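Read in order, the letters of the first sequence correspond to residues 44 to 314 in the numbering used here.
Glycine included, every Cβ here is placed at the ideal spot set by N, Cα and C.
Model, not experiment: these values are computed from the prediction.
Following: one structure in structure tokens, then a few remarks.
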Amino acid sequence: MPELPEVETTLRGIEPVLAGCTIEQLVIRNSSLRWPVSEEVFQAEGRRVSGCRRRAKYLLIELGGAGGLMIHLGMSGSLRICDMNDAPRKHDHYDLVLESGKCVRFNDPRRFGSLAWWNHPAEDHPLLSHLGPEPLSAGFTGTYLWTRSRGRRGAVKNFIMDGKIVVGVGNIYASEALFMAGIHPLRAAGRISAVRYEALAQAIRDVLSRAIRRGGTTLRDFLNSDGNPGYFAQELLVYEREGQPCFQCGSILKRKVIGQRSSYYCTQCQR
DNA sequence: CTTTACGCCTGACGGC
DNA sequence: TGCCGTCAGGCGTAAA
């Protein structure tokens with residue numbers, strides 16, 4: 044489900060509910076998620092939320108200076124705001140219950156998501172320490188991509204989806220950004236010019252920020268914390284458009300599996 | 001070091 | 001109606 048814009052949308056939904064509130068109780072109904080939920084997470088109980096932020100696709104709930112909770116939505120996870128007395132639905136695996144009785148409830152059919160505790164500073168956590176820059180930060184530039192790509196022979200699509208290079212570019216937006224930049228997804232990352240990487244960095248920034256403005260992309264089941272879908276799907280240029288005409292040149296769009304993932308592109312517009 | 005393949009899961013869908 | 005194969009938005013890990 045969620046790529047960076049969907050995680051950002053989720054963050055913006057839960058932040059106003061959580062900020063300044065105390066987490067009274069953690070209710071774990073099913074701890075067998077991506078990793079077994081550790082007992083450490085119960086440190087959160089009785090602590091006040093000092094802030095919420097996002098690093099890559101991890102949601103970080105800061106609980107004072109010591110540390111906090113780390114939530115990952117995996118491929119099918121979502122958070123919604125509800126009342127603690129609302130009956131849990133299928134796949135509702137855990138709740139963050141607030142003093143007010145409101146709760147933030149995690150639902151995840153495939154259970155690729157997770158819940159963990161982090162100790163300050165979060166950046167030192169093993170899941171975060173090796174990550175590349177945020178795509179919407181100043182450190183993410185065409186020059187940066189060009190430098191990191193020298194000598195790399197793998198497909199550029201895999202390169203931009205590698206979290207050690209840049210975080211948050213998932214399968215949908217990788218296809219979209221490569222189309223926008225006119226770069227063929229199979230081109231070797233090390234054989235793309237600095238000028239073209241400038242266009243690619245710009246395309247990545249552009250597609251991600253536009254998707255955030257639309258509340259994310261809902262293809263099958265993504266809902267934000269209010270239960271509403273995202274509206275970026277109607278702006279997708281190539282993703283899941285195999286066999287349909289390219290909006291730019293009219294030729295038929297192709298699909299190919301690259302690195303185990305479906306990739307969509309135009310053979311005319313992307314070289 | 002880079003690159004590739006594999007699972008972890010449930011659910012939806014198409015073909016028979 | 002059921003069964004089976006395929007596919008799905010992530011990502012850490014192992015192996016080459």
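Cβ neighbour criterion (16 or more within 10 Å) applied to residue i
{"i": "residue 228", "result": "buried"}
{"i": "residue 100", "result": "buried"}
{"i": "residue 143", "result": "exposed"}
{"i": "residue 138", "result": "buried"}
{"i": "residue 108", "result": "exposed"}
{"i": "residue 87", "result": "buried"}
{"i": "residue 46", "result": "buried"}
{"i": "residue 85", "result": "exposed"}
{"i": "residue 261", "result": "buried"}
{"i": "residue 270", "result": "exposed"}
{"i": "residue 200", "result": "buried"}
{"i": "residue 59", "result": "exposed"}
{"i": "residue 75", "result": "exposed"}
{"i": "residue 128", "result": "exposed"}
{"i": "residue 159", "result": "buried"}
Proximity to residue i [Cα-Cα], best of the options
{"i": "residue 206", "options": "233, 197 and 173", "result": "173"}
{"i": "residue 284", "options": "309, 261 and 268", "result": "309"}
{"i": "residue 232", "options": "188, 305 and 62", "result": "188"}
{"i": "residue 239", "options": "50, 186 and 69", "result": "186"}
{"i": "residue 77", "options": "154, 213 and 252", "result": "154"}
{"i": "residue 216", "options": "195, 230, 243 and 119", "result": "243"}
{"i": "residue 113", "options": "95, 126, 199 and 71", "result": "95"}
{"i": "residue 190", "options": "235, 201, 105 and 79", "result": "235"}
{"i": "residue 53", "options": "80, 116, 253 and 210", "result": "116"}
{"i": "residue 222", "options": "175, 212, 48 and 314", "result": "314"}
{"i": "residue 312", "options": "300, 303 and 293", "result": "293"}
{"i": "residue 208", "options": "198, 224, 175 and 214", "result": "175"}
{"i": "residue 157", "options": "125, 141, 80 and 140", "result": "80"}
{"i": "residue 83", "options": "56, 257 and 161", "result": "161"}
{"i": "residue 165", "options": "225, 125, 196 and 104", "result": "104"}
{"i": "residue 295", "options": "281, 305 and 303", "result": "281"}
{"i": "residue 195", "options": "133, 57, 230 and 214", "result": "230"}
Nearest-angstrom Cβ-Cβ length linking residue i and residue j, presumed shorter than 8 Å
{"i": "residue 92", "j": "residue 61", "result": "5 Å"}
{"i": "residue 178", "j": "residue 279", "result": "The pair is not a contact, with the Cβ atoms about 18 Å apart (cut-off 8 Å)."}
{"i": "residue 151", "j": "residue 192", "result": "Not a contact, Cβ separation roughly 34 Å."}
{"i": "residue 69", "j": "residue 90", "result": "Actually they do not touch by this definition, with Cβ atoms about 10 Å apart."}
{"i": "residue 257", "j": "residue 274", "result": "4 Å"}
{"i": "residue 97", "j": "residue 147", "result": "The pair is not a contact, with the Cβ atoms about 15 Å apart (cut-off 8 Å)."}
Element boundaries [beta strand (DSSP E), containing residue i]
{"i": "residue 145", "result": "145–150"}
{"i": "residue 308", "result": "304–308"}
{"i": "residue 161", "result": "157–162"}
{"i": "residue 180", "result": "No beta strand (DSSP E) contains residue 180, which DSSP labels as neither H nor E."}
{"i": "residue 113", "result": "110–115"}
{"i": "residue 140", "result": "135–141"}
{"i": "residue 93", "result": "Segment: none, residue 93 is in no beta strand (DSSP E) and carries neither H nor E."}
{"i": "residue 65", "result": "65–71"}
{"i": "residue 122", "result": "121–126"}
{"i": "residue 191", "result": "Note, residue 191: premise wrong, no beta strand (DSSP E); alpha helix (DSSP H) at 185–192."}
Residue range of the unbroken alpha helix (DSSP H) whose run includes residue i
{"i": "residue 101", "result": "Segment 101–106 is the beta strand (DSSP E) holding residue 101; no alpha helix (DSSP H) there."}
{"i": "residue 166", "result": "Run containing residue 166: none; DSSP gives neither H nor E here."}
{"i": "residue 249", "result": "237–256"}
{"i": "residue 50", "result": "47–61"}
{"i": "residue 199", "result": "199–203"}
beta-carbon residue i near the ligand FAD non-hydrogen atom, thresh 8 Å
{"i": "residue 85", "result": "Looking at this structure, you won't find the ligand FAD or any other ligand, since it has none at all."}
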